[in-house]
Amino acid sequence: MTSQGNTFKALSDIGKRPNTRSRSREIQSSEDMPPFEVVKIWEQISKPPKGEVVIKENPAIDEHNSLSERSNDEASQPNIMSVMVTDVDTSEDRMAELEKKVNMLMKAVEERDFEIALLKNHIESRDAAESSHTHTL
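Throughout the sequence shown, residue numbering follows UniProt numbering, covering 1 to 137 in sequence.
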């Protein structure tokens, strides 16, 4: 199974887990990760890795080329430029970053699941209490 398949399986398994109070203590609270943070992380995950190639001319090489052009024994010199690659992530770095972001998203989803379970329990207990009290007029 691919790593993307593993990620989707892990995210789908979240809904199948029981919600417990002890597990919620391990989870980041919703105050630590507002909804816009979750959206921001998701957008970062879906972006392709970035890399930039900067090409700049090397004055030392240009001077060498101009001197060789002046010589009588003129040989065809290739035009040489310095190339510097910046901001390149290796696949391992990218996978580690994605794994970290997926874990943050999973924690946020687990926290929301726990909050939903608490609200459901509260509503059910309130409904049970109301139905046990019969109102007489």
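Don't be surprised by glycine CBs; every beta carbon is placed ideally from N, CA and C. The structure displayed is predicted, hence computed values, not measured ones.
Burial is judged here by how many other beta carbons sit within 10 angstroms of a residue's own beta carbon; A108 has at least 16 and is buried. Excluding sequence positions up to five before and after L119, its CB lies less than 7 Å from no other CB in the same chain.
The alpha-carbon of L98 is positioned some 21 Å away from that of R112. Apart from the 5 residues on each side of it in sequence, N103 has no Cβ closer than 7 Å to any other Cβ in its chain. Rounded to whole angstroms, the separation of the alpha carbons of F114 and R94 is 30 Å.
Annotated three-state conformation of H122 is helix, per DSSP.
If you draw a straight line from the Cα of E37 to the Cα of S132, it comes to about 43 Å.
R126 has its alpha-carbon roughly 34 Å from the corresponding atom of V39. Put simply, the backbone Cα of E110 is about 10 Å away from that of A117.
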